[in-house]
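Novice: In my numbering, the protein residues as written are 875 to 983.
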């Protein structure tokens with residue numbers, strides 16, 4: 875009985891370990907038209923820059939690479955080349971999950 879039960883339990887454990895949903899971690903490089911929005915300084919409960927592509931907001935992970943001149947004209951229509959990580963993280967005071975991107979090139983439209 876023990877000889878039959880051990881392989882059965884090992885098989886069930888092996889099958890169940892493969893049932894975990896994997897997150898899409900395939901990053902893609904994209905060039906898109908977007909709106910860059912300055913949402914305020916973090917020091918005063920702002921949320922820094924957001925990149926709106928269509929109806930979806932994306933959080934640039936390299937905000938320091940964005941010129942402060944974009945703050946003055948916010949929102950700004952831009953053409954942007956990004957690495958889209960297809961991974962959501964929590965940002966800002968609301969703690970909402972936002973897709974993360976890295977900006978490679980940015981220019982006004």
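For each residue, glycine too, the CB sits at the ideal point set by N, CA and C.
Computed from a predicted model, the values in this text were never measured in an experiment.
Measure the C-alpha to C-alpha separation of residue 952 and residue 940 and round it to an integer number of angstroms.
Specialist: Here residue 952 corresponds to residue number 78 of the chain shown, with the count starting at 1. Here residue 940 corresponds to residue number 66 of the chain shown, with the count starting at 1. Computed Cα separation, rounded: 12 Å.
Novice: With a CB to CB cut of under 8 Å and the five nearest residues on each side skipped, what residues in its chain are close to residue 975?
Specialist: Sequence index remark: in the chain shown, residue 975 carries index 101 (1-based). So the qualifying residues of the chain are 925, 932, 933, 934, 935, 956, 957, 958 and 959.
Novice: Tell me whether residue 917 sits in a helix, a strand or coil according to DSSP, three-state version.
Specialist: In the chain shown, the residue the question calls residue 917 occupies position 43. Three-state result, residue 917: helix.
Novice: Using a 10 Å radius around the Cβ and a threshold of 16 neighbouring Cβ atoms, would you call residue 916 buried or exposed?
Specialist: Along the chain shown, read from residue 1 onward, the residue named residue 916 stands at position 42. Per the 10 Å Cβ criterion, exposed.
Novice: Consult DSSP for residue 945 and reduce its assignment to one of helix, strand or coil.
Specialist: What you label residue 945 is simply residue 71 of the chain shown in a count that begins at 1. The answer is helix: DSSP assigns residue 945 an H, G or I state.
Novice: Along the chain, where does the beta strand (DSSP E) containing residue 936 start, and where does it finish?
Specialist: By one-based count along the chain shown, residue 936 stands at place 62. From DSSP, residue 936 is part of no beta strand (DSSP E); its letter is neither H nor E.
Novice: Report all residues from its chain with a CB closer than 7 Å to the CB of residue 985; omit the five preceding and five following residues, and keep chain order.
Specialist: With the chain covering 875 to 983 only, the question about residue 985 has no answer from this structure.
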